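Note that the protein sequences, when read in sequence, are chains A and B.
Quick note on numbering: the first sequence equals residues 16 to 256 in our numbering.
Quick note on numbering: the second sequence equals residues 16 to 256 in our numbering.
Quick reminder that beta carbons are idealized off the backbone N, C-alpha and C, glycines included.
Because the structure is a prediction, the values reported are computed rather than measured.
Protein chains: 2
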Amino acid sequence: MEIFKLETCLSPSMFHRYDCEGKIVVIIDVFRASSAICTAFHNGAAELIPVTQVEEAREYKRKGFLVAAERDGFVLDFADFGNSPFNFTPEKIEGKRIVYSTTNGTQIIQLTKKSFRTVIGSFLNISALTKWISGEKKDVILFCAGWKGNFSLEDTICAGAFASRLLESKLYNTICDSTLASVDLWKTAEKNLSKYIDKAAQRNRLREKGLDDCIEFCITHDFTNIIPVVEDGILKILKHS
Amino acid sequence: MEIFKLETCLSPSMFHRYDCEGKIVVIIDVFRASSAICTAFHNGAAELIPVTQVEEAREYKRKGFLVAAERDGFVLDFADFGNSPFNFTPEKIEGKRIVYSTTNGTQIIQLTKKSFRTVIGSFLNISALTKWISGEKKDVILFCAGWKGNFSLEDTICAGAFASRLLESKLYNTICDSTLASVDLWKTAEKNLSKYIDKAAQRNRLREKGLDDCIEFCITHDFTNIIPVVEDGILKILKHS
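Listed below in structure tokens is the structure:
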């Protein structure tokens with residue numbers, strides 16, 4: 016049986032140390048981009064167009080696109096809504112192409128251009144995504160989005176949850192310290208995930224801004240079977256069996 | 016009572032996210048630079064002169080200095096010895112100024128120039144260093160050297176051991192996810208440190224090169240009370256009460 020390689024990158028600042036060519040990259044940004052993207056597709060969005068620059072998002076708005084855009088957790092004044100998964104309701108977004116600009120997540124997509132596939136992972140789609148990965152027979156990089164180039168606890172424990180499942184399948188092995196650490200942190204966290212996540216810095220940043228209403232939702236397992244995938248720079252639903 | 020801030024940086028790739036001005040920075044490179052430096056001073060070295068370039072080390076050798084120099088774990092041909100703590104024996108080094116060039120550790124020192132004090136931390140001097148830090152009344156950054164810009168498990172758990180002690184003293188608090196993670200990893204690791212460290216990638220890299228004879232020594236607590244400090248770019252023994 017062929018065994019595939021599993022690695023974890025704990026922050027975009029370290030992604031230059033990883034070679035993603037030919038590999039599956041799973042981008043994880045639990046609070047809140049990954050969770051919002053999974054929810055948007057679950058609720059019927061047709062496409063999400065990631066943009067990094069505010070001006071680019073504003074230009075799309077002028078052209079009539081729906082725009083989800085925030086910086087540092089605050090909705091930009093010209094945008095239709097921000098980055099909470101709760102914004103992406105079916106009545107607003109069904110069948111729509113949505114321009115999506117965030118502080119962090121969208122910039123990261125561009126780092127993974129050479130991958131075999133770049134997909135979006137969260138607790139919301141963990142089982143479906145793990146199952147799909149396991150069928151692909153490829154090396155895997157779990158890529159934590161972190162916070163402004165630094166480590167974030169919630170993305171790391173989510174990576175650890177993915178890594179635990181993949182390693183248990185015996186299809187993967189790892190010699191990557193980041194993977195080992197994320198698995199151990201997940202084992203500590205999973206005993207009481209809500210309580211554990213409560214200490215994460217990003218959770219506190221969201222609370223200060225009154226944006227923490229979606230936290231419990233973001234750590235819900237298997238809300239959806241949808242796997243968002245990046246194709247030619249656009250987020251779409253991955254067609255899979 | 017004034018409370019001071021504790022942060023942890025998990026890799027040099029993320030150090031640009033930290034402002035070390037006026038703070039104590041503890042550089043941690045368990046396998047093997049921190050451990051070797053602590054041992055060198057314990058065994059009587061007068062000064063260690065860190066150099067980043069091989070040619071610079073070679074030039075010092077020509078001038079008659081003792082030179083400890085390796086790249087990727089291998090001793091350079093012109094050097095007197097390499098980076099194992101076991102090389103720094105009293106008969107070789109007592110009273111000497113030693114030029115010290117390594118793959119990783121020495122380059123990191125230069126990143127911390129603006130600190131109040133940059134000191135070298137390891138399991139070997141954990142109690143003495145924790146005691147000194149606690150008396151200084153300064154914010155603290157635990158700076159994991161990692162491996163070629165990436166995360167390393169052994170440095171992170173050592174940072175977690177320092178952080179656990181500092182946080183228990185109630186003199187420090189943290190809102191830093193990296194600190195929280197390192198403390199949790201330490202709590203997992205400390206139950207059986209030898210076994211835990213056995214899975215770290217760097218440990219395996221050293222084993223492949225036959226350089227793992229010092230691993231047990233490097234995780235020994237409190238071998239020395241010496242605190243190495245950087246002064247004008249040179250490593251010396253910190254004079255403290």
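Can you have a look at residue 205 of chain B and say buried or exposed, based on whether 16 or more other CB atoms are within 10 angstroms of its CB?
-> Exposed, since its Cβ has fewer than 16 Cβ neighbours within 10 Å.
Got a sec: which bits of the region 206 to 237 of chain A sit with their beta carbon under 7 Å from any beta carbon on chain B, in order along the chain?
-> Per Cβ criterion, the list reads 214, 215, 216 and 219.
By DSSP, does residue 244 of chain A sit in helix, in strand, or in coil?
-> When secondary structure is reduced to three states using DSSP, residue 244 of chain A falls in the strand class.
At what residues does the beta strand (DSSP E) containing residue 116 of chain B begin and finish?
-> Its beta strand (DSSP E) spans residues 112 to 116.
Going by alpha carbons, who is nearest to residue 55 of chain A out of A:241, A:160 and A:210?
-> When C-alpha distances from residue 55 of chain A are compared across A:241, A:160 and A:210, the shortest belongs to A:241.
Taking buried to mean at least 16 other C-beta atoms within 10 Å of its own C-beta, is residue 150 of chain B buried or exposed?
-> So residue 150 of chain B ends up on the exposed side.
Mind pulling the chain B residues with CB within less than 9 Å of residue 171 of chain A?
-> Those are 192 and 196, listed as they occur along chain B.
Is the CB of residue 203 of chain A under 8 Å away from at least one CB in chain B?
-> Answer yes: the Cβ-Cβ gap between residue 203 of chain A and chain B drops below 8 Å somewhere.
Give the straight-line distance between the Cα atoms of residue 239 of chain A and residue 65 of chain A, rounded to the nearest whole angstrom.
-> Near 21 Å, if we compare the C-alpha coordinates of residue 65 of chain A and residue 239 of chain A.
To the nearest angstrom, report how far apart residue 47 of chain B and residue 45 of chain A are at their CA atoms.
-> Cα to Cα, the separation comes out at about 35 Å.
First and last residue of the uninterrupted alpha helix (DSSP H) at residue 20 of chain B | For residue 20 of chain B, there is no enclosing alpha helix (DSSP H); the residue is part of the beta strand (DSSP E) that begins and ends at 19 to 24.
Nearest-angstrom beta carbon gap, residue 160 of chain A and residue 113 of chain A [assumed within contact, 8 Å] | Actually they do not touch by this definition, with Cβ atoms about 19 Å apart.
Quick one: which residues of the region 19 to 37 of chain A get their C-beta closer than 8 Å to a C-beta of chain B? List them in chain order.
-> Taking 8 Å as the Cβ-Cβ cut-off, the region 19 to 37 of chain A approaches chain B at 25, 26, 28, 29, 31 and 32, given in chain order.
How is the alpha helix (DSSP H) around residue 76 of chain B delimited, first residue to last?
-> According to the DSSP assignment, residue 76 of chain B belongs to the alpha helix (DSSP H) that extends over 69 to 77.
Continuous beta strand (DSSP E) stretch holding residue 27 of chain A: start and end = Bounds of any beta strand (DSSP E) do not take in residue 27 of chain A, whose DSSP letter is neither H nor E.
Does residue 128 of chain B have its Cβ less than 8 Å from a Cβ in chain A?
-> At a cut-off of 8 Å between beta carbons, residue 128 of chain B makes no contact with chain A.
Between the C-alpha atoms of residue 74 of chain A and residue 162 of chain A, what's the straight-line distance to the nearest angstrom?
-> Their backbone Cα atoms lie some 26 Å apart in a straight line.
Grouping DSSP H, G and I as helix and E and B as strand, with all else coil, what is residue 119 of chain A?
-> In the displayed model, residue 119 of chain A falls within coil according to three-state DSSP, outside both helix and strand.
May I ask you to report which of helix, strand or coil DSSP gives residue 235 of chain A?
-> In the structure shown, residue 235 of chain A sits in coil (DSSP, three-state: anything other than H, G, I, E or B).
Could you tell me whether any Cβ in chain A is nearer than 8 Å to the Cβ of residue 49 of chain B?
-> Judged by the 8 Å Cβ criterion, residue 49 of chain B is not in contact with chain A.
Sequence-distant residues of the same chain with beta carbon closer than 7 Å to residue 110 of chain B, five excluded per side = Cβ neighbours of residue 110 of chain B within its own chain (closer than 7 Å, five residues either side excluded): 59 and 61.
Partner residues on chain B for residue 166 of chain A, Cβ-Cβ distance less than 8 Å = Neighbours of residue 166 of chain A on chain B, chain order: 25, 29, 192, 193 and 196.
Compute the distance between the beta-carbons of residue 52 of chain B and residue 172 of chain B, then report whether it is under 8 Å.
-> Not in contact: residue 52 of chain B and residue 172 of chain B (Cβ atoms no closer than 8 Å).
Hey, could you find the ends of the alpha helix (DSSP H) residue 295 of chain B is sitting in?
-> Lying before the first or after the last residue shown, residue 295 of chain B is absent from chain B, which here runs from 16 to 256.
Inter-residue Cα distance where the pair is residue 121 of chain A and residue 68 of chain A = Approximately 10 Å between the Cα atoms of the pair.
Among all the DSSP beta bridges, which residues are the ones paired with residue 131 of chain B?
-> Residue 131 of chain B has no beta-bridge partner at all, per DSSP.
Rounded C-alpha distance that separates residue 133 of chain A from residue 91 of chain A = If you take the alpha carbons of residue 133 of chain A and residue 91 of chain A, they lie about 27 Å apart.
Can you give the Cα-Cα distance for residue 15 of chain A and residue 50 of chain B, rounded to whole angstroms?
-> Residue 15 of chain A cannot be examined here, being either before or after the span of chain A that is shown, 16 to 256.
If you check the beta carbons only, do residue 177 of chain A and residue 37 of chain A fall under 8 Å apart?
-> No, the Cβ-Cβ distance between residue 177 of chain A and residue 37 of chain A is not below 8 Å.
Helix, strand or coil at residue 40 of chain A according to DSSP, with G and I counted as helix | Reduced to three states, the DSSP call for residue 40 of chain A is strand.
Does the distance from the CB of residue 193 of chain A to the CB of residue 21 of chain A come in under 8 Å?
-> No.
Taking the C-alpha atoms as reference points, what is the distance between residue 152 of chain A and residue 16 of chain A?
-> Between residue 152 of chain A and residue 16 of chain A, the alpha-carbon positions lie close to 11 Å from each other.
Simplified DSSP assignment, three categories, for residue 254 of chain B = Three-state DSSP puts residue 254 of chain B in coil, outside helix and strand.
Rounded to whole angstroms, how far is the Cβ of residue 23 of chain A from the Cβ of residue 199 of chain B, which I believe are closer than 8 Å?
-> Contact doesn't hold; Cβ gap of about 16 Å is too wide.
Below 7 Å CB to CB, which residues in the same chain sit around residue 40 of chain A once its five sequence neighbours on both sides are set aside?
-> Closer than 7 Å at Cβ, skipping near neighbours: 127, 130, 133, 156 and 158.
If we ignore side chains and look at the alpha-carbon of each, how far apart do residue 137 of chain A and residue 237 of chain B end up?
-> The alpha-carbon atoms of residue 137 of chain A and residue 237 of chain B are separated by roughly 42 Å.
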